[in-house]
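Numbers 1 to 992, taken from the UniProt record's numbering, label the letters of the sequence shown in order. Glycine is no exception: its CB is placed at the ideal position from the N, C-alpha and C atoms. Read the structure below first, then the notes.
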Amino acid sequence: MCSSGKYLAFLSLLGSIVSDPGTTNRVVLLDTTTVLGELDWKTYPVNGWDAITEMDEQNRPIHTFQVCHVMEPNQNNWLRSGWIQRQAAQRVYVELRFTLRDCNSIPWVSGTCKETFNLFYLQTEEPLSAATRFRPTDYAKVDTIAADESFTQTDLGDRVLRLNTEVREVGPVTRRGFYLAFQDVGACIALVSVKVFYKRCPSTVRNLAVFPDTVPHTDSSSLVEVRGACVENAEERDTPKLYCGADGDWLVPLGRCVCSIGHAEMDGDCRACKPGSFKAYSGNTECSKCPSHSSSHDQAATICHCDKGFYRAIKDSSTVACTRPPSAPRNLVSLINDTALFLQWTPPIDTGGREDITYNVLCQRCDGRDGDSGVTQCEPCEPDLRFIPRPLSLTATSVAILDFATHVNYTFHVEAANGVSGLGVSPRSLANVTVNTNQAGPALVGVVRKDWASQNSIALSWPEAEKLPSEIVDYEVKYFEKEQEQLSYSSTRTKNPSVVVTGLRPSTVYVFHVRVRTAAGYTAYSPNYEFATAAEDPDISDQGQVLVVVTASVGGFSLLVILTLFLLITGRCQGYIKARMKSEEKRRTRFRAGHVPFSGIKTYVDPDTYEDPTQAVEEFAKEIDPSYICIERVIGAGEFGEVCSGRLHIPGRMDIAVAIKTLKGGYVEQQRRDFLREASIMGQFDNPNIIRLEGVVTRSRPVMIVVEYMENGALDSFLRARDGQFTVLQLVGMMRGIAVGMTYLSDMGYIHRDLAARNILVDENLVCKVSDFGMSRVLEDDTEAAYTATGGKIPIRWTAPEAIAYGKFSSVSDVWSYGIVMWEVMSYGERPYWEMSNQDVILSIDEGYRLPAPMGCPVTLHQLMLHCWQKESNQRPRFNTVLSFLDKLIINPSSLLTLVNDLQSYPDSPDDMPDYPLFISIGDWLDSIKMSQYKNNFLAAGYTTLDSISTMSLDDIRRIGICLIGHQRRILSSIQSLRLQLHHIQQSGFQV
1 MCSSGKYLAF LSLLGSIVSD PGTTNRVVLL DTTTVLGELD WKTYPVNGWD
51 AITEMDEQNR PIHTFQVCHV MEPNQNNWLR SGWIQRQAAQ RVYVELRFTL
101 RDCNSIPWVS GTCKETFNLF YLQTEEPLSA ATRFRPTDYA KVDTIAADES
151 FTQTDLGDRV LRLNTEVREV GPVTRRGFYL AFQDVGACIA LVSVKVFYKR
201 CPSTVRNLAV FPDTVPHTDS SSLVEVRGAC VENAEERDTP KLYCGADGDW
251 LVPLGRCVCS IGHAEMDGDC RACKPGSFKA YSGNTECSKC PSHSSSHDQA
301 ATICHCDKGF YRAIKDSSTV ACTRPPSAPR NLVSLINDTA LFLQWTPPID
351 TGGREDITYN VLCQRCDGRD GDSGVTQCEP CEPDLRFIPR PLSLTATSVA
401 ILDFATHVNY TFHVEAANGV SGLGVSPRSL ANVTVNTNQA GPALVGVVRK
451 DWASQNSIAL SWPEAEKLPS EIVDYEVKYF EKEQEQLSYS STRTKNPSVV
501 VTGLRPSTVY VFHVRVRTAA GYTAYSPNYE FATAAEDPDI SDQGQVLVVV
551 TASVGGFSLL VILTLFLLIT GRCQGYIKAR MKSEEKRRTR FRAGHVPFSG
601 IKTYVDPDTY EDPTQAVEEF AKEIDPSYIC IERVIGAGEF GEVCSGRLHI
651 PGRMDIAVAI KTLKGGYVEQ QRRDFLREAS IMGQFDNPNI IRLEGVVTRS
701 RPVMIVVEYM ENGALDSFLR ARDGQFTVLQ LVGMMRGIAV GMTYLSDMGY
751 IHRDLAARNI LVDENLVCKV SDFGMSRVLE DDTEAAYTAT GGKIPIRWTA
801 PEAIAYGKFS SVSDVWSYGI VMWEVMSYGE RPYWEMSNQD VILSIDEGYR
851 LPAPMGCPVT LHQLMLHCWQ KESNQRPRFN TVLSFLDKLI INPSSLLTLV
901 NDLQSYPDSP DDMPDYPLFI SIGDWLDSIK MSQYKNNFLA AGYTTLDSIS
951 TMSLDDIRRI GICLIGHQRR ILSSIQSLRL QLHHIQQSGF QV
């Protein structure tokens with residue numbers, strides 16, 4: 001029998017455990033442990049459940065309900081709560097704490113005792129009136145509640161507490177409130193506490209944006225997008241967003257706010273800059289101290305104003321120090337050297353705090369004094385004065401001055417200037433020097449006259465120069481054809497004031513000017529004078545023409561002989577040089593990047609071979625500080641969580657666009673390892689046609705994999721959206737990029753297993769990159785080794801027959817998949833085998849069926865597809881062979897002109913194709929038979945295509961210089977075989 005007294009004594013043990021501080025993402029609608037008054041719950045029938053209230057150790061009431069009518073059969077006791085308002089809840093949760101007695105510990109009740117009770121609820125818009133009759137059929141059942149642990153009579157004596165906690169979800173709730181009801185069907189139970197709550201994402205501040213309380217959707221799989229509002233004195237940089245999850249957790253922060261100008265971030269707020277500091281640009285940077293010679297007196301300053309006498313240039317940033325104009329140049333001196341005047345100075349002592357110092361040279365000519373005032377009269381210098389390199393904006397501290405007048409006083413002002421010189425008056429920036437030119441060079445010559453002229457000569461004369469400081473050395477006469485605009489000129493010297501200029505053309509106008517040279521130097525040139533030669537005599541002209549023709553003939557013949565000898569010599573030298581260069585290139589490629597001498601190419605390491613897979617991640621993937629990652633938007637959902645796009649900013653590097661894979665919360669350790677496994681695979685690859693891993697985030701939540709962002713997405717959807725928009729050559733370029741990536745993987749001993757257009761990503765420059773390494777496996781050192789699948793889904797339409805039948809994957813099974821990718825590219829993303837079922841695809845391939853050429857597909861490309869789809873794996877080409885073939889197609893685009901649709905007949909199966917080699921040049925053919933040393937022999941004899949050599953005989957081979965009998969026989973045998981193959985190819989309509 002169940003003793004009520006002992007049961008109540010047991011309940012007295014519960015006072016210290018019913019309190020619950022709760023969590024921030026819960027809103028409690030009812031908690032019986034916090035109700036100070038009566039609960040006013042109803043029981044049906046009245047003598048079913050008993051309401052018991054006791055006080056705990058802190059003198060707080062404990063409201064409990066018990067029922068224990070286990071001796072009487074057919075119990076149906078109901079307990080109904082008061083009306084509970086749902087507030088903003090869409091789903092509510094009921095947390096029950098109770099004790100339940102083990103029926104086996106109660107004698108003589110085996111048929112009537114139960115160990116469960118039921119939970120029901122009823123939604124209403126208003127509380128039910130006291131007169132409303134209780135009808136159990138109005139209530140909807142939530143669940144049957146059973147205890148994880150039950151107590152016995154012994155437990156009561158030992159005062160051992162066995163308290164159960166169960167939580168059930170109720171809803172969705174749509175009306176203003178609801179009732180809870182508890183049905184007892186014959187258990188010995190005490191309901192200790194009832195808590196009703198709903199979950200919400202609590203208000204928070206993230207990235208300087210405030211997000212309000214948000215209730216999740218009733219659909220637990222969907223997220224609620226919430227837009228945040230920037231805190232005070234902040235502004236949006238990117239729209240701030242958070243996503244509220246079903247458990248009341250904020251997920252996937254996007255966008256951000258930044259502090260406005262004059263404010264800086266501090267403790268999650270944007271606070272005004274203090275006096276003496278400023279912030280000129282919005283962003284999450286700190287306030288800066290005012291630069292030198294500037295100050296701010298108010299809070300939230302956006303600029304520090306310059307002190308008196310200091311300035312900023314128009315192009316200066318508001319963050320730089322204020323400066324002032326420089327002081328005057330120092331130590332200004334002049335030096336006359338013959339006809340040149342030099343000014344030199346040293347930089348000013350005070351540069352004004354700037355480095356953009358320039359100098360301006362201003363000139364005045366002061367020839368005499370005003371008779372009335374006695375003041376020296378000055379005027380600007382003559383415009384003919386020449387400054388070398390220039391008079392203004394000099395960066396050097398010297399200048400040369402030419403073409404000045406003699407016996408003149410010049411005053412030169414040298415001004416130092418910087419970027420703020422025009423903003424303030426600065427007389428201190430000038431330095432002056434006065435120069436007298438009495439000891440300068442000679443004066444100009446007088447007027448130049450033409451004394452006579454012939455067809456090829458002109459005689460000139462001029463008066464001697466006067467006022468010479470020293471003896472004349474000679475005269476220089478410079479001349480050129482007027483029509484040539486001084487593009488080329490000649491000069492001659494004479495010691496006398498006359499000259500006969502010879503070697504001129506008849507009937508041509510020439511321009512002359514003369515200058516004098518003395519011991520003091522040169523004068524400036526005289527003005528230009530134009531004189532013409534006499535007209536040509538016709539008789540003399542005819543004789544001259546005959547002479548010219550004869551001379552040209554003899555000269556041309558001599559030149560031809562010389563060129564012939566030169567070409568013979570250089571031809572042999574070039575051939576020798578090319579041979580040496582090619583030999584050297586072959587030697588270098590044995591040790592090209594990515595290869596390891598003596599041990600071959602670097603191989604891939606399977607992360608599964610590590611005892612601790614996290615070691616593989618640490619070894620092959622770089623850890624990124626999560627603060628460097630800015631998530632901008634959600635672009636999809638992956639197997640492990642969301643996929644986002646954003647920016648990666650690593651200090652010292654330019655921002656780059658990235659894709660971010662995130663691991664959703666609540667993961668177990670195995671899921672984390674599986675998620676990071678792909679990163680430890682990608683981190684081993686370095687190829688422009690393999691998706692690049694930027695790094696991982698493993699030391700904080702969420703765990704992330706960061707890869708380069710591919711703007712155009714997956715290749716199949718990219719092509720479907722642009723049907724017919726690319727040339728065949730562009731499509732071949734895409735195939736080549738994929739082949740480059742797969743050649744790299746194959747060389748590393750790596751099998752992809754899931755090569756398909758959906759797993760090829762395309763960037764903004766149409767570069768295709770291999771991605772998705774979730775199904776990949778390592779290939780052993782043996783190139784014929786294969787991986788045997790142990791389970792999992794196989795993409796039938798892209799998988800080789802041996803991989804489907806026996807689960808054997810190898811590099812050549814990837815070649816089969818590559819052929820399907822080629823077909824997808826040429827068909828602009830069509831589904832391989834269309835609507836055929838997977839079983840039909842398997843049977844059709846086994847019977848020899850292969851995909852026909854897409855519309856507009858060149859013969860050579862479908863031919864390559866059929867080679868990739870050979871049933872025997874050892875007959876398929878390797879990836880390096882495929883890549884070489886595509887390169888030859890790109891070099892020779894005419895081979896892409898013949899389309900399959902244009903032919904009368906074309907084989908649909910690899911079994912119907914002739915066995916001819918995949919080459920299109922003489923060089924390839926000779927390489928295949930190891931006779932590459934004779935390439936120049938064939939090319940020099942005019943054999944440039946396979947058709948041209950197919951008719952060669954033994955005599956033809958000897959004639960082009962192949963003397964060794966063994967080599968003759970090998971080449972002739974290969975030509976005969978090639979002749980048969982070409983015959984089959986031409987019959988099938990192929991072009992080589």
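Given that a residue counts as buried once 16 or more other Cβ atoms are within 10 Å of its Cβ, and exposed if not, what is residue i?
i           : result
residue 58  : exposed
residue 489 : exposed
residue 570 : Any answer about residue 570 is weak, because its pLDDT of 42 lies below 50 and its placement is not dependable; what the coordinates show is given next. With fewer than 16 Cβ atoms within 10 Å of its Cβ, residue 570 is classed as exposed.
residue 174 : exposed
residue 314 : exposed
residue 357 : buried
residue 823 : buried
residue 447 : exposed
residue 617 : buried
residue 948 : exposed
residue 855 : exposed
residue 75  : buried
residue 84  : buried
residue 597 : Bear in mind that a pLDDT of 36 at residue 597, under 50, signals an unreliable position, so the model cannot answer this.
residue 771 : buried
residue 140 : exposed
residue 233 : buried
residue 407 : exposed
Whose C-alpha, out of the options, is nearest the C-alpha of residue i?
i           : options            : result
residue 135 : 833, 212, 42       : 42
residue 247 : 239, 269, 253, 219 : 219
residue 834 : 385, 353, 798, 895 : 798
residue 349 : 400, 336, 284, 429 : 429
residue 226 : 146, 392, 884, 211 : 211
residue 702 : 821, 657, 267, 253 : 253
residue 196 : 290, 183, 184, 90  : 90
residue 749 : 930, 604, 388      : 604
residue 693 : 699, 682, 687      : 682
So, under 8 Å CB-CB, residue i and residue j are touching, yes? Tell me the CB distance rounded to an integer number of Å.
i           : j           : result
residue 859 : residue 899 : 7 Å
residue 996 : residue 510 : With the chain covering 1 to 992 only, the question about residue 996 has no answer from this structure.
residue 228 : residue 206 : 7 Å
residue 399 : residue 332 : At roughly 11 Å, the Cβ-Cβ gap does not stay under 8 Å, so residue 399 and residue 332 are not in contact.
residue 257 : residue 263 : So it is not a contact: roughly 11 Å between Cβ atoms.
residue 167 : residue 94  : 7 Å
Is residue i helix, strand or coil by DSSP?
i           : result
residue 868 : helix
residue 758 : helix
residue 729 : helix
residue 108 : coil
residue 413 : strand
residue 993 : Nothing about residue 993 can be read from this structure; the chain reaches only from 1 to 992.
residue 178 : strand
residue 87  : coil
residue 173 : coil
residue 942 : coil
Does the count of Cβ pairs from the region 740 to 747 and the region 873 to 881 closer than 8 Å reach three? Cβ pair count under 8 Å is three or more, so yes.
Three or more C-beta pairs below 8 Å linking the region 117 to 130 and the region 178 to 185: These segments touch.
Contact between the region 96 to 108 and the region 44 to 56 (3+ Cβ pairs under 8 Å): No, they do not touch.
Three or more beta-carbon pairs under 8 Å between the region 713 to 730 and the region 640 to 659, yes or no? The answer is no - the region 640 to 659 does not touch the region 713 to 730, with fewer than three Cβ pairs under 8 Å.
For the 8 Å Cβ check, are there 3 or more pairs between the region 650 to 663 and the region 693 to 709? For the pair of segments examined, the region 650 to 663 was found to touch the region 693 to 709: the number of CB pairs separated by less than 8 Å reaches three.
For the 8 Å Cβ check, are there 3 or more pairs between the region 861 to 870 and the region 811 to 818? In this structure the region 861 to 870 lies against the region 811 to 818, because at least three pairs of beta carbons, one per stretch, are closer than 8 Å.
For the structure I just gave you, are there three or more beta carbon pairs, one from the region 386 to 395 and one from the region 287 to 300, closer than 8 Å? Result no; under three Cβ-Cβ pairs closer than 8 Å.
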